[in-house]
Amino acid sequence: MMAVAKTHIGEVKMSRGKLLEFYSSLESSYRTVLDVRLARTYGKGFEEIVLEAPDNIYEALSRALGRHNADVFMIMYARWLQRKAVS
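Mapping of the sequence shown onto the working numbering: residues -10 to 76, in sequence order.
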(Lines of atoms letter the chains of each structure in order from A and count residues from 1; the text may use other names and numbers.)
(Lines give C-alpha, C1' and ligand atoms only; values in the text may rest on other atoms or scores of the structure.)
Protein backbone atom coordinates (compact mmCIF):
# COMPACT_ATOMS: atom_id res chain seq x y z
CA MET A 1 0.00 0.00 0.00
CA MET A 2 1.27 3.46 -0.92
CA ALA A 3 -0.18 6.59 0.59
CA VAL A 4 0.95 10.15 1.13
CA ALA A 5 1.09 11.51 4.66
CA LYS A 6 0.62 15.24 5.05
CA THR A 7 3.02 16.38 7.74
CA HIS A 8 4.12 19.67 9.21
CA ILE A 9 7.22 19.45 6.99
CA GLY A 10 5.35 18.54 3.79
CA GLU A 11 4.08 15.41 2.09
CA VAL A 12 5.92 12.10 2.47
CA LYS A 13 5.12 8.90 0.57
CA MET A 14 4.22 6.14 2.99
CA SER A 15 4.62 2.45 2.16
CA ARG A 16 4.27 -0.41 4.63
CA GLY A 17 7.29 -2.21 3.23
CA LYS A 18 9.55 0.85 3.11
CA LEU A 19 8.46 2.06 6.56
CA LEU A 20 9.20 -1.33 8.09
CA GLU A 21 12.53 -1.56 6.26
CA PHE A 22 13.47 1.92 7.50
CA TYR A 23 12.32 1.08 11.03
CA SER A 24 14.47 -2.07 11.10
CA SER A 25 17.50 -0.02 10.00
CA LEU A 26 17.26 2.26 13.06
CA GLU A 27 19.32 1.78 16.20
CA SER A 28 17.64 -0.58 18.66
CA SER A 29 17.47 2.12 21.35
CA TYR A 30 15.51 4.42 19.02
CA ARG A 31 13.17 1.59 18.03
CA THR A 32 12.59 0.85 21.70
CA VAL A 33 11.67 4.46 22.44
CA LEU A 34 9.24 4.48 19.51
CA ASP A 35 7.62 1.21 20.58
CA VAL A 36 7.32 2.14 24.26
CA ARG A 37 5.82 5.56 23.58
CA LEU A 38 3.41 4.24 20.94
CA ALA A 39 2.40 1.30 23.13
CA ARG A 40 1.77 3.65 26.04
CA THR A 41 -0.43 5.87 23.86
CA TYR A 42 -2.13 3.32 21.57
CA GLY A 43 -1.51 -0.09 23.10
CA LYS A 44 0.32 -1.06 19.88
CA GLY A 45 3.90 -0.94 18.70
CA PHE A 46 5.28 0.75 15.59
CA GLU A 47 5.03 -2.33 13.38
CA GLU A 48 1.40 -2.98 14.31
CA ILE A 49 0.40 0.61 13.57
CA VAL A 50 2.23 0.59 10.23
CA LEU A 51 0.65 -2.72 9.19
CA GLU A 52 -2.84 -1.40 9.99
CA ALA A 53 -2.54 2.10 8.52
CA PRO A 54 0.85 3.34 7.29
CA ASP A 55 -0.58 6.71 6.30
CA ASN A 56 -1.52 7.38 9.96
CA ILE A 57 1.97 6.89 11.36
CA TYR A 58 2.76 10.63 11.42
CA GLU A 59 -0.35 11.37 13.47
CA ALA A 60 0.44 8.48 15.81
CA LEU A 61 4.03 9.64 16.28
CA SER A 62 2.89 13.24 16.81
CA ARG A 63 0.52 12.19 19.55
CA ALA A 64 2.96 9.77 21.22
CA LEU A 65 6.22 11.73 20.83
CA GLY A 66 5.22 15.31 20.04
CA ARG A 67 5.14 17.05 16.67
CA HIS A 68 8.83 18.00 16.64
CA ASN A 69 9.96 14.40 17.17
CA ALA A 70 7.45 13.13 14.61
CA ASP A 71 8.87 15.68 12.14
CA VAL A 72 12.42 14.50 12.87
CA PHE A 73 11.35 10.91 12.21
CA MET A 74 9.70 11.90 8.93
CA ILE A 75 12.76 13.89 7.82
CA MET A 76 14.97 10.88 8.55
CA TYR A 77 12.56 8.62 6.65
CA ALA A 78 12.37 10.97 3.64
CA ARG A 79 16.18 11.24 3.46
CA TRP A 80 16.47 7.46 3.76
CA LEU A 81 14.03 7.09 0.84
CA GLN A 82 16.11 9.55 -1.21
CA ARG A 83 19.30 7.59 -0.51
CA LYS A 84 17.58 4.32 -1.46
CA ALA A 85 16.39 5.82 -4.76
CA VAL A 86 19.94 6.90 -5.63
CA SER A 87 21.47 3.52 -4.76
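Think of the CB as a built atom: it goes at the ideal place given N, C-alpha and C, for glycine as much as any other residue.
Quick test of your reading: residue i and residue j, contact by CB under 8 Å. State the CB separation rounded to the nearest angstrom.
i	j	result
Ala59	Ser51	4 Å
Look at residue i and residue j and say whether their C-beta atoms are less than 8 Å apart.
i	j	result
Leu27	Ile38	yes
Leu9	Glu36	yes
Met3	Ile46	yes
Tyr12	Arg20	yes
Tyr66	Val22	no
With respect to the alpha helix (DSSP H) encompassing residue i, which residues constitute its N-terminal and C-terminal limits?
i	result
Ala49	Ile46 to Leu54
Leu27	Ser17 to Tyr31
Could you check what DSSP says for residue i in three-state terms: helix, strand or coil?
i	result
Lys7	helix
Lys73	helix
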